[in-house]
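Contents: one structure, followed by commentary.
Residue numbers (this note's numbering): 30 to 536.
This is the structure:
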């Protein structure tokens, strides 16, 4: 086996040398005829490979938009020459360490009742994701007479399989494995190019990230239907594409009562199941960009706990409108605005559950069918000047829980500008405010967070990665939030400082 491996490696290296020599010869070629000789037409396998890569590409999340332009750079091309037809490995890393002025490990400053926090210099966890993907294609499986259609698309099927491993550890336990967590958020497969009239149509099943839309600077996924199930996507219409999916989610929790005085029992749990039907129309050409329209119907049920108790069932429907403006203010810039309205079990705008943290733990809050939520978001990332990139964000959310939790408003606004001194050194600043008014808890107030971070990165764009940054963060919050922000170190304070070093990378 070792001899066979070495022989294969030598053959690959020899082939790489031949390809590089051909590329150099092509670049120096004085005539088109010579270029045609050194660059023969792509093989059928190459056509399938390019088609599969295009069909199974992802471009929803901010980081994926950032990575899209670099997918054809020389480094990636050379790696693919080695790994081609084997496996595609991606990844996301965030690691470092920070502390506070009280002497403890760094906590995160987040307003109680806010769904997110501004993340620069405010992420007190180490996070790792490793997706392993494989594109498959069978050029002669269905039609041995014509491997490629007149429009250039291949005739045989294509497929994609993917597994993602996730790892998580808070700074507070970075010296031990006591709080180290692992999970398998993705394990799915898709098959496409089954119908000649719909080469982009794909069928999928398993557990996957699905229709995820985020605001990068506060790591807020305002629309996220990730979960287990199946469906189809990229059915082409004259005015856009259609996707339909059935998504399920299951977990366990102590049963919550609408009587806040009766806290759930963390040792007496029941099973919860939620199923959602997501219908999306996207890539619709509109003024200044593209639009997406989504409707989700959801059903939520509870099993029994040891005392034969069940949480009430719930149902609901949610609507999402998303507008994306590409090349906003700069060639690599984009702007997203969303409007959302949901009722009952669908008001989360996710496949998951509404949760609430009490003194004895975090529990699922059964969604009253009459409850509802309205949300609007606006954010963009752009580089309007050579040395300045910027990303602002705004969120307004109003929720009527229609039970003892009352009503809750959340208003959030922030911005992260970065000054790029050159291709490697930059200085990032981030300021943000979260205001929450919670009638159920009789609580209202605001949290302000400011961070300054000198950075070294591989590139001079907002999302250039990898990046290594040192940071210092200051936060201050309303007197009404005292004891609810920053953990035990800030139980009697209304402001605090943290500092540290962090690296972040993806590929």
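Glycine included, C-beta positions come from ideal geometry on N, C-alpha and C. Owing to the predicted nature of the structure, the values given are computational and were not obtained by experimental measurement.
Pairwise C-alpha distance: residue j and residue i
| i | j | result |
| --- | --- | --- |
| residue 171 | residue 186 | Low confidence applies to residue 171: its pLDDT is 48, below 50, so where it sits in the model is not reliable, and the reading given next is rough at best. Cα to Cα, the separation comes out at about 8 Å. |
| residue 121 | residue 334 | 38 Å |
| residue 65 | residue 71 | Unreliable placement is indicated for residue 65, whose pLDDT of 41 sits below 50; no coordinate value is reported for it. |
| residue 57 | residue 357 | In this predicted model, residue 57 has a pLDDT of only 40, less than 50, meaning its place in the structure is not dependable; the value taken from the coordinates is given anyway. Rounded to the nearest angstrom, the two C-alpha atoms are 37 Å apart. |
| residue 101 | residue 82 | In this predicted model, residue 101 has a pLDDT of only 45, less than 50, meaning its place in the structure is not dependable; the value taken from the coordinates is given anyway. Roughly 12 Å separates the two Cα atoms. |
| residue 125 | residue 420 | 23 Å |
| residue 244 | residue 336 | 42 Å |
| residue 361 | residue 317 | 15 Å |
| residue 392 | residue 516 | 19 Å |
| residue 16 | residue 191 | Residue 16 cannot be examined here, being either before or after the span of the chain that is shown, 30 to 536. |
| residue 180 | residue 228 | 11 Å |
| residue 498 | residue 484 | 4 Å |
| residue 62 | residue 418 | Interpretation of residue 62 is limited by its pLDDT of 41, a score under 50 that renders its predicted location unreliable; no figure is taken from the coordinates. |
| residue 19 | residue 79 | In the structure as shown, the chain begins at 30 and stops at 536. Residue 19 is therefore absent and cannot be evaluated. |
| residue 165 | residue 188 | 5 Å |
| residue 520 | residue 514 | 7 Å |
| residue 527 | residue 162 | 38 Å |
| residue 313 | residue 226 | 20 Å |
| residue 441 | residue 75 | 48 Å |
| residue 415 | residue 487 | 16 Å |
| residue 209 | residue 338 | 33 Å |
Reference residue i, options the options, closest by Cα
| i | options | result |
| --- | --- | --- |
| residue 195 | 156, 422, 340 | 156 |
| residue 426 | 273, 407, 183, 416 | 407 |
| residue 352 | 343, 345, 365, 361 | 365 |
| residue 462 | 493, 423, 432 | 423 |
| residue 250 | 147, 134, 391 | 147 |
| residue 429 | 404, 409, 259, 178 | 404 |
| residue 207 | 117, 374, 198 | 198 |
| residue 447 | 493, 301, 210, 128 | 493 |
| residue 385 | 282, 347, 345 | 282 |
| residue 240 | 177, 183, 310, 205 | 310 |
| residue 118 | 158, 184, 512 | 158 |
| residue 523 | 280, 505, 398 | 505 |
| residue 274 | 292, 263, 299, 308 | 308 |
| residue 320 | 432, 270, 153 | 270 |
| residue 223 | 183, 450, 279, 302 | 183 |
Which of helix, strand or coil DSSP assigns to residue i
| i | result |
| --- | --- |
| residue 82 | helix |
| residue 151 | coil |
| residue 246 | helix |
| residue 198 | strand |
| residue 216 | strand |
| residue 139 | coil |
| residue 347 | strand |
| residue 526 | strand |
| residue 516 | coil |
| residue 144 | coil |
| residue 223 | coil |
| residue 338 | coil |
| residue 209 | coil |
| residue 231 | strand |
| residue 373 | helix |
| residue 91 | helix |
| residue 534 | strand |
| residue 131 | coil |
| residue 399 | coil |
| residue 490 | coil |
| residue 309 | strand |
| residue 122 | strand |
| residue 268 | coil |
| residue 510 | helix |
Beta-carbon separation (whole angstroms), residue i vs residue j, contact threshold 8 Å
| i | j | result |
| --- | --- | --- |
| residue 145 | residue 294 | At roughly 29 Å, the Cβ-Cβ gap does not stay under 8 Å, so residue 145 and residue 294 are not in contact. |
| residue 435 | residue 396 | Between residue 396 and residue 435 the Cβ distance is about 15 Å, and since that is not below 8 Å, they are no contact. |
| residue 459 | residue 496 | Actually they are not in contact, since the Cβ atoms of residue 459 and residue 496 sit about 14 Å apart, beyond 8 Å. |
| residue 412 | residue 359 | 4 Å |
| residue 340 | residue 285 | 7 Å |
| residue 8 | residue 254 | The structure shown does not extend to residue 8, since the chain is modelled only from 30 to 536, so the question has no answer here. |
| residue 246 | residue 445 | 5 Å |
Beta carbon of residue i nearer than 9 Å to that of residue j
| i | j | result |
| --- | --- | --- |
| residue 470 | residue 267 | no |
| residue 233 | residue 261 | yes |
| residue 265 | residue 230 | yes |
| residue 472 | residue 509 | yes |
| residue 242 | residue 277 | no |
| residue 349 | residue 368 | yes |
| residue 376 | residue 400 | yes |
| residue 373 | residue 329 | yes |
| residue 490 | residue 150 | no |
| residue 134 | residue 201 | yes |
| residue 219 | residue 236 | no |
| residue 477 | residue 127 | no |
Residue i: CB within 8 Å of a non-hydrogen atom of the ligand MN
| i | result |
| --- | --- |
| residue 249 | By its list of ligands, the structure shown contains no ligand whatsoever, and the ligand MN lies outside what it can speak to. |
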